[in-house]
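Going line by line, the protein sequences match chains A and B.
Using this note's numbering, the first residue of the first sequence is number 1, and each one after it goes up by one.
Using this note's numbering, the first residue of the second sequence is number 303, and each one after it goes up by one.
To start, the structure itself, in structure tokens.
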Amino acid sequence: MIEVNELTKRYGGTTAVKDLTFTVRPGRVTGFLGPNGSGKSTTLRMVLGLHAPTTGTVTVDGRPFRDRQRGLRHVGALLDAGQVHGGRSAAAHLRALARSNRIPRARVGTVLEQVGLAGAARRRIGGYSLGMRQRLGIAGALLGDPPVLLFDEPLNGLDPEGVKWVRGLFRELAAEGRTVFVSSHLMSEMEHTADELVVIGRGELIAAESLTDFAARGSGAGVTVRTPDGDRLAALLTGEGATVRVDGDVLTVAGVPAARIGELALDHRILLHEITTRGASLEDAFMELTADSVEYAAGETR
Amino acid sequence: MTTTFASHTAEPRPRFFDLAAAEWLKLWSLRSTGWSLLVAALAVLAFNAGKAWDNVRYWPDEAGYAEKFIADGIPLMHAFTTDAGTVMMLATGAFGALAVTGEYSTGLIRTTFAAVPARRSVMAAKVCVVAAVMTVFGAVVAAVSFAATQAILSTEDAGVSLDHPGAPRLVIASALLAPVAALVGAALGTLIRHGAGAVVGSVLVLLLLPLVLGEDRHWSAVLAHATPYVAWMRLGDSQYDPGAVPYPWTAGGAWTVYALWALAAAAVAVTTVHRRDQ
Numbered sequence: 001m002i003e004v005n006e007l008t009k010r011y012g013g014t015t016a017v018k019d020l021t022f023t024v025r026p027g028r029v030t031g032f033l034g035p036n037g038s039g040k041s042t043t044l045r046m047v048l049g050l051h052a053p054t055t056g057t058v059t060v061d062g063r064p065f066r067d068r069q070r071g072l073r074h075v076g077a078l079l080d081a082g083q084v085h086g087g088r089s090a091a092a093h094l095r096a097l098a099r100s101n102r103i104p105r106a107r108v109g110t111v112l113e114q115v116g117l118a119g120a121a122r123r124r125i126g127g128y129s130l131g132m133r134q135r136l137g138i139a140g141a142l143l144g145d146p147p148v149l150l151f152d153e154p155l156n157g158l159d160p161e162g163v164k165w166v167r168g169l170f171r172e173l174a175a176e177g178r179t180v181f182v183s184s185h186l187m188s189e190m191e192h193t194a195d196e197l198v199v200i201g202r203g204e205l206i207a208a209e210s211l212t213d214f215a216a217r218g219s220g221a222g223v224t225v226r227t228p229d230g231d232r233l234a235a236l237l238t239g240e241g242a243t244v245r246v247d248g249d250v251l252t253v254a255g256v257p258a259a260r261i262g263e264l265a266l267d268h269r270i271l272l273h274e275i276t277t278r279g280a281s282l283e284d285a286f287m288e289l290t291a292d293s294v295e296y297a298a299g300e301t302r
Numbered sequence: 303m304t305t306t307f308a309s310h311t312a313e314p315r316p317r318f319f320d321l322a323a324a325e326w327l328k329l330w331s332l333r334s335t336g337w338s339l340l341v342a343a344l345a346v347l348a349f350n351a352g353k354a355w356d357n358v359r360y361w362p363d364e365a366g367y368a369e370k371f372i373a374d375g376i377p378l379m380h381a382f383t384t385d386a387g388t389v390m391m392l393a394t395g396a397f398g399a400l401a402v403t404g405e406y407s408t409g410l411i412r413t414t415f416a417a418v419p420a421r422r423s424v425m426a427a428k429v430c431v432v433a434a435v436m437t438v439f440g441a442v443v444a445a446v447s448f449a450a451t452q453a454i455l456s457t458e459d460a461g462v463s464l465d466h467p468g469a470p471r472l473v474i475a476s477a478l479l480a481p482v483a484a485l486v487g488a489a490l491g492t493l494i495r496h497g498a499g500a501v502v503g504s505v506l507v508l509l510l511l512p513l514v515l516g517e518d519r520h521w522s523a524v525l526a527h528a529t530p531y532v533a534w535m536r537l538g539d540s541q542y543d544p545g546a547v548p549y550p551w552t553a554g555g556a557w558t559v560y561a562l563w564a565l566a567a568a569a570v571a572v573t574t575v576h577r578r579d580q
């Protein structure tokens, strides 16, 4: 369990993270979402004690991580796949890490096997693709068999097969009762991975809730109705409190479920050609909620 | 619904030895380590042996020259020349600096400190490994230099053995120059956190600083004596004449300078990482 409490980090005059409070629970995959530069990496560094918070606290399983003598059995982390020395082999890199934490050497082979790098274990990391480095970083995180795992943008550079594998791995780790905290700036990456979401923008918390609750926030959810009697139905639905957009014979309805729309149409003998429920798009919800907090927005399209 | 994960094994007691072993693995798993040490050793050896060879090649054909040569302490001067000392400090200072900054330039330091949050212990382990490797390196280079130069001079019967007065001190002081310079480099590495910057910094501190400090004024002489390079020259000088310089000092003082630099540099390397964001 990771508990972040009123966490603030300032670098000189800029505030990278402001008053963040959230909890990451065991047994599920929690996505950590935010646009580029929103403070995700800063937050993760503070979780790991690499950066000291200006104010506030963060604990992992009840203790600040910096208080631990050795870390790998408590938290496994992949912060940046580039944080390795290119001149070493994957096996040598992991052997040194394992040794520092008194983890048996045999474990190195096990995790390399697990991430699919066993065949490349003796090659220099400098020659690895980004996807292979991500796998190596994941192997390092798994080394200590820890109850808490942190991954910063782990899907970058992975091929589709790799993405599928990583998602499966995260689910598996969570199912074993571990806390799995995964950051990303792309909602689509989280859609099939996370159960819970922590969303931040410009260093401030926007949402900390389940994926389904978050999706419901987006205005994209609703019902599409096609009827020759659009104006009458629109009036009835508005009377029921729905938001309706009329576009020829197509109505886009939000706020009233499809079943109720069907009932109303039947009661008033309105012919329906089509009635479809559209699921909320997570991407839409994410874009809407973070629109105000995008640090580097592209210019308006003309 | 959720189960809480229980680790399979209890956590073993943390040991400093494991950190040192990890640093050892890190050092020797880089191919550049062995090569750079070999090149540095050969360079130092070349400067020393070259000087001895030069002497032998242009050996004057006069009676009693070898005895005078030995009486003037010249065999010991050739056993570890000032050029070789300069190269040795340059190479080992850079070695110490890069042992630290190599982790910063790649960001590996974050991986390291996330694995071992006890940062000071990590740096202490690194300092121990660098100091140990450099001491062995210095000892081998100084011993081989002594043996090679005296063997070359012996062709004209001008070589001395290790029991010659001043010889053990020269060999030990030259050997220890390596760990002292490497620790200074490592300390600058933790302060500057940038490879090229740390190497330039160690050249400034180890080599340029003693050049600008003269022996003529008292304050300047004191500062000069406080540099490892001048301390090494004092320890290597078997013919040191306190009457010949305005501000003489003792070999004990020179050993103290060695010790203080090593300890201060180690302290800086270990404590700097504690508070700073990584």
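Where is the CB? At the ideal position from N, CA and C, for every residue including glycine.
By Cβ distance, which residues of its chain are closer than 8 Å to E300/A, with the 5 residues on each side in sequence left out?
-> Residue placement at E300/A is flagged as unreliable, the pLDDT there being 47, under the threshold of 50; a coordinate-derived value is accordingly withheld.
From the DSSP output, which residues share a beta bridge with V223/A?
-> V223/A is bridged to V253/A and T277/A.
Only counting runs of 4 or more residues, tell me where the alpha helix (DSSP H) segments fall wholly within the region 31-60 of chain A, in order along the chain.
-> If we require 4 residues or more, the alpha helix (DSSP H) runs fully inside the region 31-60 of chain A come out as 40-47.
Alpha carbon to alpha carbon, how far is T110/A from R99/A?
-> One Cα belongs to T110/A, the other to R99/A, and the distance between them is close to 15 Å.
V442/B to M390/B, Cα distance in whole Å?
-> Separation of V442/B and M390/B (C-alpha to C-alpha, rounded to the nearest whole angstrom) is 12 Å.
Neighbourhood of T304/B by C-beta, 8 Å cutoff - its chain only, sequence neighbours within 5 removed = The predicted model places T304/B with a pLDDT of 47, which falls under 50 and marks its position as unreliable; any figure quoted below should be read in that light. No residues qualify anywhere along the chain.
Check whether the Cβ atoms of I454/B and V346/B lie closer than 7 Å to each other.
-> Cβ atoms of I454/B and V346/B: not closer than 7 Å.
Any C-beta of chain A sitting closer than 7 Å to the C-beta of G409/B?
-> Chain A contact via Cβ: present.
Outcome for P154/A when other beta-carbon atoms lying within 10 angstroms are tallied against a minimum of 16 | P154/A is buried by the Cβ-count criterion.
At a Cβ threshold of 7 Å, is D61/A touching chain B?
-> Using a Cβ-Cβ cut-off of 7 Å, D61/A does not count as an interface residue toward chain B, since no Cβ of chain B sits closer than that to its own.
Checking contacts by CB at 7 Å: is H576/B closer than that to chain A?
-> Any Cβ of chain A closer than 7 Å to the Cβ of H576/B would place that residue at the interface, and such an atom is absent.
Name the one or two DSSP bridge partners that T15/A has.
-> Answer is R10/A, bridged to T15/A.
Consider the Cβ of E300/A: report whether some Cβ of chain B lies at a distance smaller than 7 Å.
-> In this predicted model, E300/A has a pLDDT of only 47, less than 50, meaning its place in the structure is not dependable; the value taken from the coordinates is given anyway. E300/A is outside the set of residues whose beta carbon lies under 7 Å from a beta carbon in chain B.
Taking the CB atoms as reference points, tell me whether V17/A and V58/A lie closer together than 7 Å.
-> No, Cβ-Cβ distance for V17/A and V58/A is not below 7 Å.
So, is G222/A buried or exposed, given that buried needs 16 or more other C-beta atoms within 10 angstroms?
-> Buried is the call here.
Hey, would you say L72/A sits closer than 7 Å to G144/A, going by beta carbons?
-> Less than 7 Å separates the beta-carbon of L72/A from that of G144/A.
Minimum C-alpha distance to A533/B - residue among H576/B, G503/B and L472/B | Measuring from the Cα of A533/B, the nearest candidate turns out to be L472/B.
Would you mind sorting V588/B into buried or exposed? The rule is 16 or more other CB atoms within 10 Å of its CB.
-> In the structure as shown, chain B starts at 303 and stops at 580, and residue 588/B therefore has no counterpart that could be examined.
Say whether the region 199-215 of chain A touches the region 25-35 of chain A, bearing in mind that this needs 3 or more beta-carbon pairs closer than 8 Å, one atom from each stretch.
-> Output reads yes: the region 25-35 of chain A touches the region 199-215 of chain A.
By Cβ distance, which residues of its chain are closer than 6 Å to L264/A, with the 5 residues on each side in sequence left out?
-> Sequence-distant partners of L264/A (beyond 5 residues in either direction) whose C-beta falls short of 6 Å from its own C-beta, in its chain, are L236.
Residues of chain B with a CB under 9 Å from the CB of E113/A: which are they?
-> Within chain B, no residue comes near E113/A; the closest Cβ sits about 17 Å away, beyond 9 Å.
Would you mind giving the Cβ-Cβ distance between Y531/B and L509/B, rounded to the nearest angstrom? I have them listed as a contact below 8 Å.
-> About 7 Å; that satisfies the 8 Å criterion.
Chain A contact for K328/B (CB, 7 Å cutoff) = Answer yes: the Cβ-Cβ gap between K328/B and chain A drops below 7 Å somewhere.
Between the region 174-184 of chain A and the region 21-29 of chain A, do at least 3 Cβ pairs fall closer than 8 Å?
-> Because the criterion of three Cβ pairs below 8 Å is met, the region 174-184 of chain A and the region 21-29 of chain A touch.
Where L169/A sits in the DSSP three-state scheme | It is helical.
Per DSSP, which residues does I2/A bridge with? Please list them.
-> Paired residue(s): V24/A and V60/A.
Residue-chain proximity (E3/A, chain B), Cβ-Cβ < 7 Å = No, E3/A does not count as interfacial toward chain B.
Three-state class that DSSP yields for A426/B in the structure shown | Assigned with DSSP and collapsed to three states, A426/B falls in helix.
Paired residues, beta bridge with E196/A - DSSP = Beta-bridge pairing links E196/A to T30/A and S210/A.
For the region 307-385 of chain B, which segments carrying the alpha helix (DSSP H) assignment without a break, of at least 4 residues, lie completely within its bounds, in sequence order?
-> The region 307-385 of chain B contains, as complete alpha helix (DSSP H) runs of 4+ residues, the segments 318-330, 333-359, 367-373 and 376-381 (chain order).
Cβ contact check for the region 103-122 of chain A and the region 328-341 of chain B: 3 or more pairs under 8 Å = In short, these stretches do not touch, since the Cβ pair count stays below three.
So what does DSSP say about T574/B, is it helix, strand or coil?
-> The answer is helix: DSSP assigns T574/B an H, G or I state.
Alpha carbon to alpha carbon, how far is F65/A from I2/A?
-> Taking the Cα positions, F65/A is about 10 Å away from I2/A.
What does F307/B touch in chain A if you count any residue whose Cβ is under 7 Å from its own?
-> Below the 7 Å Cβ cutoff, chain A contributes P26, P147, E176, G177 and R178 as neighbours of F307/B, in chain order.
With burial defined as no fewer than 16 other Cβ atoms inside 10 Å of the residue's Cβ, what is the status of F349/B: buried or exposed?
-> Only buried fits F349/B, as 16 or more other CB atoms lie within 10 angstroms of its CB.
Is the beta carbon of Q580/B sitting closer than 7 Å to the one on F415/B?
-> Yes.
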